[in-house]
Structure formats: structure tokens, C-alpha cells
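> Once you've had a glance at the structure underneath, I'll fire off some questions.
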């Protein structure tokens, strides 16, 4: 367990939280995945040395005859030595850790991802139940897999990633079918307009049990390389903007504004990630996107 740079994954007291990776690797195949890039570079040898592999993932063989289970460092792997986070030295080598923690689970994997054995997921959830004093953030791109693990422990924030309207609709269906203390959506990266009518509480066709989430996070696609983003979005290079030491591919400002205003009408909290600052700085109408009376991004948290 280590400190996380994920700006919304906070400890309950508002300080920066932690990340925990009892699983690594993922078969979701997202082109913009930063974790896969890390696994194939700096972490490659370490990951390949772990033989706790999801044998029942995908039974495929590469054209060159190699089995990806043993040659792909981002193939799902389990790390049993990292599972028990009740041990004191897992908290910054601190002997007294009465302070409650906020823990992002599997930022190098997807706990509910394609090819991840259900027994691995259950082991992680059992450990979460054994740490009721802490808060755990679970985020997946596979909302259809959430139902079998519901109801979730009461210390879980359960979220789904979406990038456009089709994935948003799938996320709503998945979140509608589970029980969790906090349910949330992460539009990171936001790559298309969202049909915000789904956020309207009087549309029972979409939300027969009400709006299925309490919190929405919005962010831009990021990369260390301008050229990687330009290759992925060759016809929209005008939306590539520098932020700090990184490059971002910004969504349309209207996409962001429509989501924020729809959330506002439905009393859903909104967190705009810092990666959106280049976009906000270029916009003249930012009232709904910033904190009242300031130029700071709107960064709200659910009541829990």
C-alpha cells in the first residue's frame, strides 16, 4: 500500500489517500490505459516474475506461438503477500494507525475485469470487510459484473468508468442493480457527449429506482507524450493542451457543462479533475464549473 496521486481518492479527513494492488493486470484492452504502459516498461520484469496468473482468462496464443499468460506482464496476476492490509507496516511503516484511511483498490488492474477469477475478487472484498474503519474506492469498466458481488461492504464507494453515452448507459444499468453506500460515475477520459436526460429523476424508463449514482467525476485524457495523443486523435489536435508536465486531450466544454448542470438539478455531487484546468482557463462561461466565488474547479464529495 502506498500514497496515491488520484486526487479524489482521499482519506475521510480530506488528506491524500492510498492505493492497494493485490491484483495487477487487465484484459479490458483500453487504448489509453496508463497502467498497461507502466506494466510493459518500468514494472515489466517484476510482473513477469509473478506466477500467480489467471489461467482461466483468455485461452489465446499469439501468432509467434507465445502464450500471453506468461509473456504479457499485464495479464491478470494475484499478489497474496499484498492482500492482508491489516498488518501495521502496510501503513507507511507506522505502528499507530488509528487514523481512518481512504484506499483506491487496484489502480493497476480492474477488480471486476475481464479474465479476473471471481475468487480473487471475493478475497479482496473479504479483506475490505475486515477493515471497517477504512474507506475503499472500487472502480470498474465492467458494470455487468457488479451484481454478483452485491451488496457491497458498507465502507465501499463503488464506481463505473464511462467515456461516452453508450458506456454511460451501461454504467447506469449496472449501478442500478447493486447496493453500495456510495455509487459513482467516472468520466475519465470524457470522449463524447453524454445523453444527460438519464440524469432526470422523472424518467422512470431509465431510472426505475431513481438516479443510480451519488457522485460524478470528470477528467481529460492525459499522456506524457503529445505525439501519442496526436496519433490517437489525428483530426482533433486542437484539443491537445499542456497541463504541467503532461499533455491532455480535452473534452468539449459543452459536454462538461451539460453534465455538471444536469447533476446540479438532480443533487448529484460533481468532482472536476485538475486535468480540466486548461479547458476551463480558455472558457469565458465557467460559473457552473467552479467553486462559488472563486476560480477553483468544482470539486465536491458525496455525503457519506
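Numbering (the working numbering), first residue to last: 15 to 318. Ideal placement from N, C-alpha and C gives every residue a C-beta, glycine not left out.
Grouping DSSP H, G and I as helix and E and B as strand, with all else coil, what is residue 40?
It is coil, neither helix nor strand.
> Taking 8 Å as the cut-off, does the region 161-173 touch the region 192-199 (at least 3 CB pairs, one atom from each stretch)?
yes
> Helix, strand or coil for residue 160? Go by DSSP, reduced to three states.
coil
> Could you tell me whether the Cβ atoms of residue 229 and residue 243 are closer together than 8 Å?
Between residue 229 and residue 243, the gap from beta carbon to beta carbon reaches 8 Å or more.
> With the cut-off set at 8 Å, would you say residue 96 and residue 35 are in Cβ contact?
yes
> Within 10 Å of its beta-carbon, does residue 84 have 16 or more other beta-carbons around it, so buried, or fewer, so exposed?
exposed
> With DSSP as the reference, please indicate the residues paired to residue 256 in a beta bridge.
261
> Looking only at its own chain, which residues have a Cβ that is under 8 Å from the Cβ of residue 203, when we skip the five neighbours before and after it?
46, 177, 233, 234, 235, 236, 263 and 265
> Which residues bound the beta strand (DSSP E) around residue 283?
Residue 283 -> beta strand (DSSP E) spans 283-286.
> Note the first and the last residue of the continuous beta strand (DSSP E) segment covering residue 140.
For residue 140, no beta strand (DSSP E) run applies; the uninterrupted alpha helix (DSSP H) run containing it begins and ends at 132-143, by DSSP.
> Quick check on this structure: which residue in 312, 54, 93 and 40 has the alpha carbon closest to the alpha carbon of residue 64?
93
> Tell me which same chain residues have a C-beta within less than 7 Å of the C-beta of residue 318, skipping the five on either side of it?
195 and 196
> Please go through the same chain and pick out, in chain order, the residues whose beta-carbon is closer than 8 Å to the beta-carbon of residue 88, but skip the five residues on each side of it.
The residues are 38, 39, 40, 49, 50, 53, 54 and 61.
> From residue 131 to residue 137, what does the alpha carbon distance come to, in whole angstroms?
10 Å
> Would you tell me roughly how many angstroms separate the C-alpha atoms of residue 91 and residue 274, rounded to the nearest one?
Their Cα atoms are separated by approximately 37 Å.
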